[in-house]
Structure formats: structure tokens, C-alpha cells
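First the structure, in the form of C-alpha cells, and then the observations on it.
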Amino acid sequence: MSNVISSGLLPRVLDYIVLGAGPGGLQLGYYLQRAGMDYLILEGGPSVASFFREFPRHRTLLSINKRFTGSDDPELNLRWDWNSLLAEPSARRLSSYTSAYFPDADDLVRYLEDYAVDHALAIECDARIERVDRNSDGFALEDRRGRRYQARRLIVATGPSRPYIPQIPGIELAEGYSSYAIDPRGFDGQRVLILGKGNTAFEVANSLLGAAASIHLCSPHSVRLAWRTHYVGNLRAINTPLLDSYQLKSQNAVLDADLLRLTAREGARGVEFVASFAYRHADGEREELVYDRVITCTGWRFDDSIYVDGARPELTCGSDASGGGPGRYPAMTPAFESTNVPGLYFAGAITASRAHHRATSAFIHGFRYTAAALYRVLRARYHAEPWPARQVAARSDALTDAILSRVNRSSSMWQQFGYIGDVVALTPAGARYYEDVPIELARAGGLPLAGPYLTVTLEYGARAHLDPFGSERVRRDDVGRAADSQFLHPIIRRCDIRGEVIDEHHIIEDLAAEWREPEHVEPLRQFLTRTLDAALCPLECHAKPC
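This is the structure in C-alpha cells:
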């Protein structure tokens with residue numbers, strides 16, 4: 009290829025190199041290809057979707073594949089299609105590959121292979137990068153075969169691809185999720201300790217329920233159930249059979265404890281492992297328990313080993329207090345750029361560094377929208393193409409129609425609730441309506457906003473996590489209490505030019521998530537009338553006396 013050489017000459021400098029041909033890299037590649045941009049996707053494996061060829065180990069995905077929704081609207085249907093990438097409406101969807109509600113990972117691999125071919129994406133496989141450096145042209149990369157690449161800007165879409173191993177004395181004695189032998193017959197009659205309480209840990213535990221004598225799962229924190237937190241990365245109901253067996257006294261247990269150390273000794277049945285615990289909910293009580301097998305299911309981290317000084321991104325645990333383990337993610341700005349390496353951007357699952365454990369950016373149905381947002385950032389910064397917007401009359405009736413049209417069908421707001429939404433810039437000449445914007449990007453100056461603006465998001469209520477099955481619901485005719493809505497519902501906020509929230513309006517929750525009735529429309533129109541009077545009068549007063 010013209011971009012790759014093996015001689016001493018430097019290769020041609022590309023505008024963009026994307027590392028990784030998983031779903032994140034393919035999604036970004038779709039936008040780059042469609043715009044005719046100068047790019048190349050580098051994939052370390054022999055073909056696209058290398059990660060999903062191996063993981064999850066038991067091959068069942070947790071991302072839903074809902075074929076029938078009662079609607080023919082492709083945009084609306086993406087709310088319940090968690091696997092397909094964004095493309096033109098006529099493009100293939102995963103639902104044409106399988107009818108399974110929880111698909112097999114092999115079906116996703118086939119879909120991603122076809123997606124790359126259908127959209128003629130520029131991909132170089134078997135190009136595992138071993139060194140990333142900076143130079144005067146931008147970024148210099150070298151793969152394991154000595155081939156070199158040059159790009160002005162680098163976009164990393166490799167995901168958190170390296171197992172995260174906690175620093176515990178004796179942890180090297182444990183087997184890893186990525187390498188343990190998954191045949192349950194190899195665990196017949198054994199005592200098994202699994203470190204971790206995420207979906208991976210329960211995936212392993214559930215596969216062993218019919219074989220192991222006992223199964224214990226351990227981590228310092230209690231189980232976080234997705235149906236309670238509304239974060240799909242927390243424990244999903246499909247993976248909860250072990251919880252049932254624990255509470256019904258079937259020899260399995262979930263331990264909220266710190267593993268202090270792990271040691272090996274000879275036992276009656278061969279080598280066994282002694283785990284020393286300090287319990288979190290028993291006044292620090294300590295105990296030693298014995299196991300035949302120990303498996304680490306403690307998640308993944310970003311691999312920064314290929315980056316040399318000057319090109320190595322800073323790492324973080326995530327952008328909020330919930331964290332993600334020390335240094336698991338690259339630190340990035342609201343525009344998905346490294347906080348310390350200019351021109352280094354991120355796409356795919358590692359964009360979960362922003363709004364960690366709050367948004368869905370770690371998953372296809374979340375990062376397909378951050379990839380689209382990153383594309384618009386790149387077009388604005390380097391190609392003089394501002395974020396697309398449409399003009400809407402600065403009247404309450406026109407804005408009411410525009411906002412309700414979006415909240416009733418937008419998939420980005422539905423999937424990336426509270427993180428991606430719409431922004432409406434208010435001016436006396438009219439309103440500029442921006443769609444699918446990371447709200448924090450707008451507040452950080454990522455849009456050409458010269459005055460007050462509105463944000464439009466879908467969000468859960470502040471107390472929705474307490475007991476989503478037993479909470480009192482707001483009556484549909486009690487619109488005065490719309491702000492108490494706990495289910496996903498629209499929130500419109502008025503912000504000043506600094507991003508400070510001046511006022512906000514909640515549209516009352518609806519079982520079918522359809523906001524078209526008078527109790528939805530009229531309160532919004534009244535709010536927008538007040539908002540326009542407050543926001544635009546001061547602007548007009550600069551031009552003429554009130």
C-alpha cells in the first residue's frame with residue numbers, strides 16, 4: 009500500500025490513522041469514508057472484530073436484539089437494537105443475522121465483517137502496532153513487522169484490551185478469565201473462588217452451577233444490579249441465577265470483602281489455595297477459606313505500553329467518583345482528545361472515560377454515538393465544517409414541535425441518557441437546533457454558541473435507583489409534579505452563555521415513552537414562552553430600548 013513502506017524512507021503522511029477495527033473503529037471509519045477523508049484503520053489481528061472472536065468466552069452477548077418493535081422508523085428502532093452500527097437506513101442490521109434476543113458473539117462478528125465490506129472501509133489487517141511516537145508531522149507508528157505509518161492525528165479505538173489484575177499478594181496463582189479452560193466438566197466437585205462481581209464473573213459462575221461443589225464470588229463492593237442502577241454494565245438479570253442459589257442456601261455465596269492474600273499449599277486432593285479475606289460488612293472480620301480453583305474476572309484496562317514518552321496518554325479511573333479502577337482509561341477532554349497529547353483522540357469503548365458508569369459509552373449502543381460526535385468534532389476543528397444545525401423559529405410553538413419530535417424518536421438521547429442530547433441556541437433572529445451533542449462538550453465551548461441556549465435530554469429521576477419496582481409513580485394528570493418523575497423522561501434546561509443552568513422543565517413520564525398528549529405539550533409550551541421572554545429580551549435590549 010502507498011501508506012506503508014519497509015525501506016528507510018518515511019511513508020506518506022495521512023490525515024488520520026485509526027487504531028483498531030472493532031465496532032468503534034468501524035463506526036468512525038464509516039463517517040471518515042463517507043466524507044472522503046484521508047484515513048486508514050490499522051488492525052492488529054488477521055481480520056476485523058478480533059476481540060469479539062474470543063470474548064465473551066461463553067459467546068452470549070448481553071446486548072439486546074429486538075426485531076419487532078411495532079414501528080417501521082429506523083431511528084426509533086435503534087433504541088432497542090444494541091448491536092448495529094449507524095449507517096444509512098437501508099443498511100444491514102444485526103437482526104437480519106439472528107433472531108436471538110441475546111445474540112451469539114459469532115453473529116456479531118459476521119455482521120461487523122459485512123459492515124466493513126459494505127461501506128468499503130480502508131483497513132490494514134495484521135498490523136499490530138508496537139510503537140507510537142510523536143514527530144513534527146504528528147504521529148509515527150511502527151508495527152511488529154517493522155512497517156511504519158505516519159498521521160497528523162491518531163484516533164485510538166482499541167478498547168480497554170488488557171486484563172486488569174488487582175495488586176494482591178499471590179494473585180499470580182489465580183487463573184485469568186481470558187485463558188481458563190471453560191469446559192465445566194473440569195470443575196466437577198471443586199471449590200471455586202471467582203474474583204469480581206461484574207457480568208464476566210457471573211458468566212463464569214453460572215456456567216459452573218451444575219459442576220462445582222461451591223462457588224464464591226468476591227470483591228470489595230456489593231453487587232450492582234443493572235435494573236436498579238440503569239447502567240447496563242452492572243449485573244444483568246440474565247446473569248443472576250447464582251444470586252438465587254446464594255439466597256436459597258445452595259452452597260454458593262457472594263462475599264463483600266477484600267482479598268488480602270492468596271497462598272498455595274498441598275491438600276488431600278492436590279494443590280489448593282488459601283484465600284485470606286477481610287469482610288466489609290462484619291466489622292472487619294477476617295477469615296481464611298480454601299479453594300481448588302481461583303479465577304480473576306476483574307475487568308479490563310487500556311494498554312498504554314506501546315506509547316513512548318511524549319505520545320503516552322495520561323490515565324484515569326473515569327470522569328466521576330464511581331471510578332473504574334486505577335488508571336483503567338485514558339484521560340480525555342469532552343471532545344475525546346487526550347488531556348496531555350494534542351491530536352490524540354479516542355473512539356469506541358474507551359470513551360467510557362467520560363461519564364463512567366453513568367452513560368453507555370462502553371457499549372456499541374452507546375459509543376456508536378460518541379463516534380459520530382467525534383467525527384463532527386474533527387470536521388469542525390480541521391475541515392472548517394461546523395457542527396450541523398437547522399434553523400427553527402424562536403417561537404414557543406415551533407420549539408415545542410421541534411423538541412417533542414426529537415424526544416419521541418431520538419435513539420442517541422434514549423441510549424446515552426443524560427450525556428448526549430440536543431442543544432438549541434437562542435437568538436432574536438431565530439433558534440439554531442443542534443442534534444446529538446455531548447452536553448458537556450457544549451458547556452465546554454464545543455459549539456459556536458454566542459448567547460443563552462437550551463439543552464434537551466432524556467434522564468431518569470434522582471431516586472429511580474432506590475426501588476424501581478416499588479416506587480410511587482407520578483399520576484399522568486399531576487403535571488405539577490413532573491419533576492418527581494423517576495422513569496426516563498425529557499428534561500429541558502435553560503443555560504446562560506457560561507453553561508450555568510438558569511431554569512429547567514420536566515415532561516412528565518409516560519409508560520410508552522410517547523410525549524404527545526396535552527399534559528406533555530402545553531406545560532412545555534408555557535415553559536418555552538417564559539424562557540424566550542427571559543432569554544431574548546435582554547439580547548434585544550442591547551439593540552433598542554425596551
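Residue 9 is where the sequence shown starts when you use our numbering, and the numbers rise one by one after that. Just so it is clear, CB atoms sit at the ideal spot from N, CA and C, and this is done for glycine as well.
Determine the burial state of residue i: buried for a count of at least 16 other Cβ atoms within 10 Å of its Cβ, exposed for fewer.
i: Y38; result: buried
i: Y109; result: exposed
i: Q259; result: exposed
i: G469; result: buried
i: I411; result: buried
i: P19; result: buried
i: F165; result: In the sequence on display, residue 165 carries Ala and not Phe. It is buried - the Cβ of A165 has at least 16 other Cβ atoms within 10 Å.
i: G44; result: exposed
i: T77; result: exposed
i: P54; result: exposed
i: N247; result: buried
i: A220; result: buried
i: S51; result: The displayed chain sequence assigns Glu, not Ser, to residue 51. Its Cβ being crowded by 16 or more others within 10 Å, E51 is buried.
i: A135; result: buried
i: R451; result: buried
i: R376; result: buried
i: A357; result: buried
i: H513; result: buried
i: D292; result: Inspection of the sequence shows that residue 292 is occupied by Gly rather than by Asp. Exposed.
Look up residue i in the DSSP assignment and give the residues it is bridged to.
i: A245; result: Per DSSP, none; premise fails for A245.
i: H224; result: L201, A261
i: N143; result: G146
i: I137; result: D151
i: G278; result: G275
i: L233; result: L243
i: M340; result: S346
i: H514; result: I499
i: G184; result: T304
i: D492; result: Answer is none; D492 lacks a bridge partner.
i: Q399; result: R440
i: L434; result: A439
i: D89; result: N73
i: T68; result: D112
Once you ignore the five residues that flank residue i on each side, which residues in its own chain have a CB closer than 6 angstroms to its CB?
i: E345; result: Y353
i: F59; result: G30
i: S227; result: G204, K205
i: Y239; result: H365
i: G197; result: A221
i: G426; result: T465, E467
i: F195; result: L216, A219, A220
i: A542; result: none
i: G429; result: M421, I447, T463, V464, T465
Who are the near neighbours of residue i in its chain, counting only those whose CB is closer than 8 angstroms to its CB and skipping five residues on each side?
i: Q41; result: Y47, H127, A128, L129, A130
i: L270; result: I176, P177, G178, I179, L181, A182, F281, V282, A283, S284, V302
i: L250; result: F210, A213, N214, L217, I223, L225, N260, V262
i: H528; result: L412, I515, I516, D518
i: D504; result: P460, I510
i: H473; result: R236, T237, H238
i: N348; result: P321, E322, A339
i: D328; result: With a pLDDT of 39 at D328, under the threshold of 50, the modelled position of this residue cannot be trusted; read the value that follows with caution. Counting only Cβ-Cβ distances below 8 angstroms, and skipping sequence neighbours, we find A363, H364, H365, R366.
i: R471; result: S479, Q494
i: L449; result: P342, A343, A381, V385, L455
i: R440; result: A397, R398, Q399, V400, V432, A433
Who are the near neighbours of residue i in its chain, counting only those whose CB is closer than 7 angstroms to its CB and skipping five residues on each side?
i: S103; result: N73, R75, D89
i: A388; result: P394, W395
i: W422; result: R87, L466
i: L544; result: A402, L434, P436
Taking residue i and residue j to be in contact with their CB atoms under 8 angstroms, please state how far apart those CB atoms are, rounded to whole angstroms.
i: T463; j: I447; result: 5 angstroms
i: L120; j: V56; result: 5 angstroms
i: L84; j: S419; result: 7 angstroms
i: G184; j: P342; result: Going by Cβ atoms, the distance from G184 to P342 rounds to 34 angstroms, so no, they are not a contact pair.
i: A319; j: D141; result: 5 angstroms
i: A113; j: R67; result: 5 angstroms
i: R1; j: G351; result: In the structure displayed, the chain extends from 9 to 554; residue 1 sits before or after that span and is not available.
i: R533; j: T408; result: 5 angstroms
i: A159; j: I25; result: 4 angstroms
i: V316; j: R139; result: 7 angstroms
Measure from the C-beta of residue i to each C-beta in chain C and report whether the shortest distance is under 8 angstroms.
i: G167; result: No chain C appears in the structure shown, which is made up of a single protein chain.
* Would you be able to state if there are at least three C-beta pairs under 8 angstroms between the segment 66–77 and the segment 99–109? => yes
* Below 8 angstroms, can you find three or more Cβ-Cβ pairs linking the segment 359–371 to the segment 398–406? -> no
* Stretch-stretch touch, CB-based, cutoff 8 angstroms, three pairs: the segment 378–386 with the segment 147–157 -> no
* On the three-pair Cβ rule with 8 angstroms, is the segment 482–493 touching the segment 435–444? -> no
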